[in-house]
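Participant: Pasting a structure below so you can have a look.
There are 2 protein chains.
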Amino acid sequence: MTHDIETASLAETAPARRGRRRRGGEKTGPDLFPQKPFKQPRHIFKPLEAVSADELEAIHDASMRVLEEIGIDFLHEEAKQILKEAGADIKPGEDRVRMDRAMVEELVAKAPTEFTIRARNRAHDLQVGGNALAFSCVASAPNAVDRDHGRRPGNQEDYRNFLKLSQFFNIIHCVMGYPVEPVDIHASVRHLDCVADMLRLTDKVYHIYSLGKERNLDGLELTRIGYGLTPEEFVETPCVATVINTSSPLRLDTPMLQGLIEMAKAGQVSIVTPFTLAGAMAPVTVAGALTLQNAEALAGIAFAQLVRPGVPVVYGGFTSNVDMKSGAPAFGTPEYMKAAIVGGQLARRYHLPYRSSGVCAANTVDYQAALETTLSEWGAINGGAHIVKHAAGWLEGGLSAGFEKFITDIDLLQKIAEYLTPLDVSEAALAVDAIREVGPAGHFFGTQHTQDRYKDAFYAPIVSDWRNYESWSEAGSPTAYDKANMLYKKALEAYEQPSLDPAIDEEITAFVERRKAEGGAPTDF
Amino acid sequence: MTHDIETASLAETAPARRGRRRRGGEKTGPDLFPQKPFKQPRHIFKPLEAVSADELEAIHDASMRVLEEIGIDFLHEEAKQILKEAGADIKPGEDRVRMDRAMVEELVAKAPTEFTIRARNRAHDLQVGGNALAFSCVASAPNAVDRDHGRRPGNQEDYRNFLKLSQFFNIIHCVMGYPVEPVDIHASVRHLDCVADMLRLTDKVYHIYSLGKERNLDGLELTRIGYGLTPEEFVETPCVATVINTSSPLRLDTPMLQGLIEMAKAGQVSIVTPFTLAGAMAPVTVAGALTLQNAEALAGIAFAQLVRPGVPVVYGGFTSNVDMKSGAPAFGTPEYMKAAIVGGQLARRYHLPYRSSGVCAANTVDYQAALETTLSEWGAINGGAHIVKHAAGWLEGGLSAGFEKFITDIDLLQKIAEYLTPLDVSEAALAVDAIREVGPAGHFFGTQHTQDRYKDAFYAPIVSDWRNYESWSEAGSPTAYDKANMLYKKALEAYEQPSLDPAIDEEITAFVERRKAEGGAPTDF
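So the sequence lines, in the order shown, correspond to chains A and B.
Each residue of the first sequence is one higher than the last, beginning at 1 in UniProt numbering.
Each residue of the second sequence is one higher than the last, beginning at 1 in UniProt numbering.
Here it is in structure tokens:
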């Protein structure tokens with residue numbers, strides 16, 4: 001199993017070459033991180049289908065019956081008014097909104113199948129839909145964790161460090177939420193500091209929370225300022241996204257509806273994602289949970305199209321099952337994988353971009369963490385997802401963001417991107433002449449065919465330790481967790497803050513200070 | 001993220017129900033292992049295609065040029081004689097065999113597309129091909145490892161313990177090789193003791209090594225005795241398999257050809273698997289390595305069909321890449337995944353069953369081990385593999401078999417089997433009435449729909465720890481590795497030896513003793 005390859009020269013030359021692999025403004029970091037430039041992977045495989053066309057129609061039909069016969073509560077007067085005027089069935093004094101399938105389908109059909117979200121750095125513009133794939137970092141974790149300092153409530157330093165890692169790694173294409181919630185900043189002004197950090201510490205597409213109209217408006221205005229756009233330009237240019245979680249079952253809460261309204265009015269992107277946990281807020285059957293997911297997602301999407309026809313939206317799927325022993329959410333389960341694949345089938349049925357996730361329920365960076373996370377990705381990628389949220393750093397069902405987990409997940413994501421690179425099947429790649437040259441019992445390392453290609457032939461992992469057992473033992477038997485603990489600090493050291501026009505920077509500061517002086521946003525959400 | 005489900009009753013009743021889930025002769029083990037009965041999973045998804053039909057033909061054509069123009073060395077006089085008589089081009093005194101594509105394709109077409117390998121326990125008969133999938137345990141590791149005793153050269157006790165685990169877990173469908181090499185048994189008689197153990201400690205389909213004609217003949221005769229078949233019945237009944245590894249590049253060694261001849265003559269199964277490591281024994285390009293893999297696999301398969309037309313064979317793919325820093329084999333890489341998927345396309349082109357693997361290069365049971373193993377499985381399952389070898393317990397690129405790894409992999413395999421279970425999309429599963437009953441802001445746990453289904457609704461993992469962070473911390477923050485360390489011992493305790501007719505048992509003993517008295521088999525292989 002060991003091979004007499006002459007590798008001394010390889011070990012010397014390969015990293016040097018990798019270190020030079022810089023293009024344009026892309027930073028490839030130190031030799032520890034032989035990154036490729038920022039580029040969204042493309043789906044080269046046909047998405048899988050876990051249900052037949054007839055079965056898909058049965059799910060569609062069931063969710064239409066839910067919308068027609070049962071209805072969804074919209075906890076927002078303006079939203080109900082908009083819906084009533086459009087023909088929805090709403091009894092006076094009630095929140096329940098019933099929509100017939102013709103209305104829903106007509107509205108949903110107004111949403112674009114694919115679109116681009118502009119980034120502050122145009123090289124980081126995000127394509128959503130089509131065959132493009134995007135990975136986002138973990139979002140919304142209340143705690144941060146690393147091995148050196150243990151688990152603690154999220155704070156601004158951790159928040160900023162995760163933003164830096166998200167900027168540093170080219171395989172992270174967007175920042176769809178605060179990686180960790182910085183609870184040391186008062187809730188009334190947290191969104192101001194956080195969005196300002198998004199603008200300053202990264203130049204990738206980001207997300208603002210829908211936690212009350214004021215926060216949406218502040219986030220939108222900060223984004224407009226940060227991007228240097230006029231109000232007229234901004235409303236015609238998707239620049240920022242929000243995630244709208246329905247309050248399953250069958251409810252859209254006030255802040256979420258405010259978010260849908262403000263984002264749609266501003267021409268910005270809403271990712272509508274029901275949190276349909278089979279056995280808890282959704283039926284215990286995967287098909288039933290998907291019926292509910294589909295009804296809720298389409299209700300939110302249809303509503304956004306009422307506010308502004310053609311506004312970009314994303315169909316979000318987050319259906320999983322609970323641990324029947326504790327009621328806690330489980331992730332990366334077989335049920336989760338199937339739901340992720342059918343979620344993709346549903347999104348494609350409505351010609352909508354599809355959001356899935358890379359998630360797990362593990363408490364630490366062990367076999368379980370990788371198994372569940374990779375199986376989540378298996379469902380997302382095979383399901384044809386366009387945005388994979390939480391794809392780096394997610395632990396404990398989202399209760400913590402892990403620094404080491406962030407790094408190990410980067411290796412997974414980079415591997416997926418390579419997996420999605422088309423195979424070279426050219427005459428030269430088929431290598432008949434190299435096979436002829438080497439002949440029986442020979443070795444390929446010495447051939448010109450190999451020498452011409454070996455430096456870039458294979459993906460070079462950042463976490464996987466491929467030393468033999470003896471060398472690895474002598475080095476203290478480090479695990480992937482140990483290596484990631486070292487690497488996340490190296491990545492933070494290598495991080496470089498992207499440039500920002502000083503005039504814009506001042507304008508951001510002025511806006512944040514003014515809004516803080518005004519008291520920020522209400523905290524009774 | 002936590003939910004107020006009433007779970008006290010669940011925790012009490014669910015395991016009891018699971019403990020009763022016994023059917024027929026299946027042992028489901030203790031409550032720690034809520035296994036389903038032995039049943040091969042079925043491919044419900046269309047296999048992926050990593051290359052187009054034209055590109056697949058280009059690989060086919062390139063491998064045909066290799067067989068026609070370059071040829072393969074067959075290091076066996078009888079084999080060359082057989083090939084020459086069939087029309088192959090062999091120069092006098094040389095080992096090089098050139099076959100034209102018409103000859104190769106005509107011979108390969110004689111092999112069956114699917115077949116059944118009989119097991120000693122007919123309930124464990126193995127379907128090979130079609131939509132059936134089978135998982136085999138790790139094979140051929142020189143070392144065994146567990147946390148309590150560290151890494152040591154394989155020995156008979158470890159060998160037997162891995163056989164017991166393979167028998168105990170219903171998700172292991174066959175034993176395709178010695179899980180670990182018991183080097184404490186002299187090589188001349190090792191095969192006798194090992195095959196006798198295969199017959200006694202398991203009743204699943206197993207494998208005999210092709211390490212010299214005498215070992216094949218002893219293994220075949222022991223199998224015939226163990227199965228209680230007459231020689232006439234045996235030759236008409238596939239009962240046992242061997243793996244034929246070509247000595248890449250372009251060589252079939254003497255013991256492998258002896259194995260192909262003896263297995264084919266006896267009507268038994270050969271799994272022809274070239275070991276084509278891109279950058280070492282194969283071209284550095286994945287397409288080139290696949291060209292070589294295809295040429296070598298088809299050469300072995302065509303030869304087997306010459307010996308006995310229609311004899312069952314399997315197309316084996318094991319193409320991976322080396323670590324360019326050390327020359328060591330890497331597994332679960334993006335290149336590996338793509339090669340596994342194209343391997344499936346090639347096998348289907350020739351209407352042959354396909355063997356792939358669940359492998360990694362990790363030295364311990366960490367994130368890397370799960371990541372690489374799961375990505376290997378991703379390639380194998382998406383590639384439509386029929387037999388996934390090394391699927392439980394493989395570590396260090398095959399240099400050790402791990403007891404804890406065996407258990408963590410069982411969780412992966414059971415999850416894959418559940419993932420391959422068709423989704424129930426019946427009217428009842430769509431759950432519109434349950435959604436109506438619960439309504440907005442309700443909870444599904446209390447509904448009859450949930451109560452009727454929750455016990456069997458979701459896969460219950462054996463390794464994944466779904467406790468919340470606090471409970472998990474109080475329990476000492478165990479990793480999956482820790483849990484697996486406990487579980488493998490519990491599984492060994494729960495193991496029960498399958499029954500064997502005492503008369504057959506005596507006959508096995510008598511055969512082994514006679515052959516030992518005769519000196520066993522030569523050790524100069």
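Virtual Cβ for every residue (Gly too), placed ideally from N, Cα, C.
When you compare only the Cα positions, how much space is there between K213(B) and I261(B)?
Facilitator: 9 angstroms
Participant: Would the beta-carbon of P329(A) fall within 8 angstroms of that of E296(A)?
Facilitator: no
Participant: Give every residue of the same chain whose Cβ lies closer than 6 angstroms to the Cβ of R251(B), excluding the five residues on either side of it in the sequence, and list them in chain order.
Facilitator: D73
Participant: By the three-class DSSP mapping on this structure, what secondary structure does P502(A) have?
Facilitator: helix
Participant: With DSSP as the reference, label V512(A) as helix, strand or coil.
Facilitator: helix
Participant: Would you please verify whether the beta carbon of K204(B) is less than 8 angstroms from any beta carbon of chain A?
Facilitator: no
Participant: Taking the runs of the beta strand (DSSP E) that are 3 residues or longer, which of them lie wholly in the segment 93 to 168 of chain B?
Facilitator: Within the segment 93 to 168 of chain B, the complete beta strand (DSSP E) runs of at least 3 residues are 115 to 117, 126 to 128, 143 to 146 and 150 to 153.
Participant: According to DSSP, which residues form a beta bridge with H207(A)?
Facilitator: A241(A)
Participant: Tell me which residue opens and which closes the alpha helix (DSSP H) that N216(B) is part of.
Facilitator: It spans K213 to Y227 - the alpha helix (DSSP H) in which N216(B) sits, taken as one unbroken run.
Participant: Along the segment 274 to 288 of chain B, where does the CB come closer than 8 angstroms to a CB of chain A? Name the residues.
Facilitator: From the segment 274 to 288 of chain B, only L277, A278, G279, A280, M281, A282, P283, V284, T285, V286, A287 and G288 have a Cβ closer than 8 angstroms to chain A.
Participant: Using a Cβ distance threshold of 8 angstroms, determine whether the segment 413 to 421 of chain A contacts the segment 154 to 168 of chain A, with at least three qualifying pairs required.
Facilitator: no
Participant: Please list, in chain order, the chain A residues whose beta carbon lies closer than 8 angstroms to that of W394(B).
Facilitator: Residues of chain A passing the Cβ test: none, with the nearest at roughly 12 angstroms.
Participant: Can you find a heavy atom of the ligand MG that lies under 7 angstroms from the Cβ of R160(A)?
Facilitator: The ligand MG is not part of the structure shown, which contains no ligands of any sort.
Participant: When you compare the CB of N245(A) with every CB in chain B, is at least one pair closer than 8 angstroms?
Facilitator: N245(A) is outside the set of residues whose beta carbon lies under 8 angstroms from a beta carbon in chain B.
Participant: For G300(B), is the classification buried or exposed, using 16 other Cβ atoms within 10 angstroms of its Cβ as the cut-off for buried?
Facilitator: buried
Participant: Please list the terminal residues of the continuous beta strand (DSSP E) segment that includes R349(A).
Facilitator: Segment P334 to R349 is the alpha helix (DSSP H) holding R349(A); no beta strand (DSSP E) there.
Participant: Which residues in the same chain have their Cβ closer than 6 angstroms to the Cβ of A380(B), if we skip the five residues on either side of it in sequence?
Facilitator: A340, S356 and V388
Participant: Do you know offhand how far R190(A)'s Cα is from D253(A)'s?
Facilitator: 21 angstroms
Participant: From T223(B) to E335(A), what does the alpha carbon distance come to, in whole angstroms?
Facilitator: 40 angstroms
Participant: Would you mind sorting A361(B) into buried or exposed? The rule is 16 or more other CB atoms within 10 Å of its CB.
Facilitator: buried
Participant: Just mark E372(B) as buried or exposed, buried being the case when its beta carbon has 16 or more other beta carbons within 10 Å.
Facilitator: buried
Participant: What is the rounded straight-line gap between the Cα of E507(B) and the Cα of H207(B)?
Facilitator: 20 angstroms
Participant: Is it the case that the Cβ atoms of G71(A) and R101(A) are separated by a distance below 8 angstroms?
Facilitator: Not closer than 8 angstroms, so no.
Participant: E418(B): buried (16+ other C-beta within 10 angstroms of its C-beta) or exposed?
Facilitator: buried
Participant: Taking Cβ positions, are T202(B) and S166(B) nearer each other than 8 angstroms?
Facilitator: yes
Participant: Write down every uninterrupted run of the alpha helix (DSSP H) in the segment 268 to 343 of chain A whose length is 4 residues or greater and which is fully enclosed by it, in chain order.
Facilitator: 286 to 307
Participant: Is any beta-carbon of chain A found at less than 8 angstroms from that of T28(B)?
Facilitator: Note that T28(B) has pLDDT 47, beneath the 50 cutoff, so the model's placement of it is unreliable and the number below is only indicative. No, its Cβ sits nowhere closer than 8 angstroms to a Cβ of chain A.
Participant: Under 8 angstroms Cβ-Cβ, which residues of chain B neighbour R349(A)?
Facilitator: Chain B residues near R349(A): none, gap ~14 angstroms exceeds 8 angstroms.
Participant: Could you tell me whether the segment 45 to 62 of chain B touches the segment 41 to 51 of chain A, using the rule of 3 or more Cβ pairs below 8 angstroms?
Facilitator: Judged by pairs of C-beta atoms under 8 angstroms, the segment 45 to 62 of chain B touches the segment 41 to 51 of chain A, as three or more such pairs exist.
Participant: Is Q368(B) buried or exposed, if buried means 16 or more other CB atoms sit within 10 Å of its CB?
Facilitator: It is buried - the Cβ of Q368(B) has at least 16 other Cβ atoms within 10 Å.
Participant: In the segment 416 to 437 of chain B, which residues sit with their C-beta less than 7 angstroms from some C-beta in chain A, listed in chain order?
Facilitator: Here the close residues are E418, Y419, L423, D424, V425, A429, L430, A431, V432, A434, I435 and R436.
Participant: Spatial neighbours of A62(A) within its chain, please: C-beta separation below 6 angstroms, excluding the five flanking residues on both sides.
Facilitator: T291
Participant: Taking only beta-carbon positions, decide if G24(A) is within less than 8 angstroms of chain B.
Facilitator: For G24(A), the pLDDT reaches just 39, beneath the cut-off of 50, and the residue's location in the model is therefore unreliable, although a value from the coordinates is still provided. No, because no Cβ of chain B sits closer than 8 angstroms to the Cβ of G24(A).
Participant: Does chain A have any CB closer than 8 angstroms to the CB of L399(B)?
Facilitator: Yes, contact with chain A.
Participant: Can you give me the C-alpha to C-alpha distance between E6(B) and F445(B), rounded to a whole angstrom?
Facilitator: Low confidence applies to E6(B): its pLDDT is 30, below 50, so where it sits in the model is not reliable enough to give any reading.
Participant: Are the beta-carbon atoms belonging to D425(B) and I410(A) less than 8 angstroms from one another?
Facilitator: A small correction: the amino acid at residue 425(B) is Val; Asp does not occupy that position in the sequence shown. V425(B) is not a Cβ neighbour of I410(A), given a cutoff of 8 angstroms.
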